[in-house]
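The structure under discussion appears below in the form of structure tokens.
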Amino acid sequence: GTIAAKCVESADGQTGYAVELNSETVFVAKTPKCGEVADSVLEDAVKAEASSVDEVLAAASGDATVKEAVEEAAALFGEHVKVGQFAKVAGPHVEIYAHKKSAEMPPSIVAMIATDEAGAAVAHEAALQISAMGAQWLTREDVPADVVESERRVATEKSLAEGKPEKIVPKIVEGRLNAFYKENVLLEQSYVKDPSKTVGDLFKEVGGAALAFARVEVGKGEAE
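Per the numbering used here, the sequence shown starts with residue 11, numbered consecutively.
This is how it looks when you write it as structure tokens:
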């Protein structure tokens, strides 16, 4: 598959859109026509100001809908083609980074981050970080309570299985939870270009803030 992405001016600043178009074979994904279809779907999604895959599919595409246009493309390619993941972020500034795993292939990872005006100074570096390190949440407060509870339970069971004294298990569990946050929370990740600081430190240095981010990788959707 491939990913089409773009940033557009909006009432509150900028909005970034990313749409994944999946095919069955690499051969089709590499064709210019597949890229054209993905770009067309993206443009239709932007015009409709879509906020979900369902809204993308229902968006107008010429005299038809995006869903019908993609089905028509699938018939042309002779294999199943579908809209996969969709992402949208908005803020005063939006940065988009598209990563190609090889020169002959279309982008396979797109990272988008929305920041305030001051944060725009380090937005590109943050987008590179998102692409490379695959954070799942912006802050630890964004991690769902059930995920935290599951991580806490696993860490407790592991500590007890290792024979750690019960009185120090809570401290060990907190340490393991912090390690989980450091791996999965963007602002707590070590900055890849300088591990002595975190991504959060990057924003503090310029007096800026990260507001939201998204990462789309070909073939990594929930249903794939």
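Where a beta carbon is used, it is the ideal one built from N, C-alpha and C, also for glycine.
Rounded to whole angstroms, the gap between the alpha carbons of G144 and Y201 is 12 Å. Look at S61 here: in three-state DSSP terms it is coil, with no helix or strand label. The residues L67, in chain order, have a CB closer than 6 Å to that of K77 in the same chain once the five nearest residues on each side in sequence are set aside. Here I13 is bridged, per DSSP, to E30.
Between A128 and V216, the CB-CB gap stays under 8 Å. Between E184 and I119, the alpha-carbon positions lie close to 33 Å from each other. At least 8 Å separates the beta-carbon of G26 from that of V132. Excluding the 5 residues flanking it on each side, A58 has same chain C-beta neighbours closer than 6 Å at A69, in chain order. Counting C-beta pairs closer than 8 Å gives fewer than three between the segment 109-126 and the segment 176-183, which falls short of the contact rule. Bridge pairing for Y107: A121 [DSSP].
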